[in-house]
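Engineer: Sequential numbering from 163 applies to the sequence shown in my numbering.
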Amino acid sequence: MARVKRAVNAHKKRRVILERASGYRGQRSRLYRKAKEQVTHSLVYNYNDRKKRKGDFRQLWIQRINAAARANGVTYNRFVQGLKAANVEIDRKMLADLAVNDPAVFASLVEVAQKALPTDVNAPRVAADAA
Numbered sequence: 163m164a165r166v167k168r169a170v171n172a173h174k175k176r177r178v179i180l181e182r183a184s185g186y187r188g189q190r191s192r193l194y195r196k197a198k199e200q201v202t203h204s205l206v207y208n209y210n211d212r213k214k215r216k217g218d219f220r221q222l223w224i225q226r227i228n229a230a231a232r233a234n235g236v237t238y239n240r241f242v243q244g245l246k247a248a249n250v251e252i253d254r255k256m257l258a259d260l261a262v263n264d265p266a267v268f269a270s271l272v273e274v275a276q277k278a279l280p281t282d283v284n285a286p287r288v289a290a291d292a293a
């Protein structure tokens, strides 16, 4: 059987793991097995938090929109309902940006949303859509 020569590959694999673990405390930055475990956990945390970050930003945008909408005399729920009724297709990220950086434009959007809302909250949706 032929001799397997893989010292270079093994050293490279270990070096890459230890370089990735360079900022960790204690054995996790010095011992290969501990470093490998921590690096794999870190990659899992990174993956999960990239997904979580999207929800966190959406939550922040909704809070900003709600604060600006209430400052203009309408709740977030009614504001979004009015925008849908007025067929205004603008996402929450842009609404939050307008609320923070351009309050005048946001106020005009609130007016558009309020005009599109039915005066009777319990009115059937068919009548609201047909109007």
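Glycine is no exception: its CB is placed at the ideal position from the N, C-alpha and C atoms.
1. Please classify residue 244 as buried or exposed, where buried requires at least 16 neighbouring CB atoms within 10 angstroms.
2. Given that a residue counts as buried once 16 or more other Cβ atoms are within 10 Å of its Cβ, and exposed if not, what is residue 252?
3. Could you have a look at residue 235 and say whether DSSP puts it in helix, strand or coil?
4. So is residue 226 buried or exposed if we call it buried at 16+ other beta carbons inside 10 Å?
5. Considering only residues of the same chain and omitting the five flanking positions on each side of residue 271, which have a CB-CB separation below 6 Å?
6. Measuring CB to CB, does residue 249 end up less than 9 Å from residue 238?
7. Buried or exposed for residue 172, going by 16 or more other Cβ atoms inside 10 Å?
Structural biologist: Judging by the given coordinates:
1. Your numbering for residue 244 matches position 82 in the sequence shown. With 16 or more other Cβ atoms within 10 Å, it is buried.
2. Here residue 252 is taken as the residue at index 90 of the sequence shown, counted from 1. By the neighbour-count criterion, in which a residue is buried when 16 or more other Cβ atoms sit within 10 angstroms of its Cβ, residue 252 is exposed.
3. Here residue 235 is taken as the residue at index 73 of the sequence shown, counted from 1. The answer is coil: DSSP assigns residue 235 none of H, G, I, E or B.
4. On the sequence shown, position 64 is the one that residue 226 refers to. Label assigned to residue 226: buried.
5. Taking the first residue of the sequence shown as 1, we reach residue 271 at position 109. When the five nearest sequence neighbours on each side are left out, no beta carbon in the same chain lies closer than 6 Å to the beta carbon of residue 271.
6. What you label residue 249 is simply residue 87 of the sequence shown in a count that begins at 1. What you label residue 238 is simply residue 76 of the sequence shown in a count that begins at 1. Their beta carbons are not under 9 Å apart, which means residue 249 does not touch residue 238 by this criterion.
7. What you label residue 172 is simply residue 10 of the sequence shown in a count that begins at 1. Classification for residue 172: exposed.
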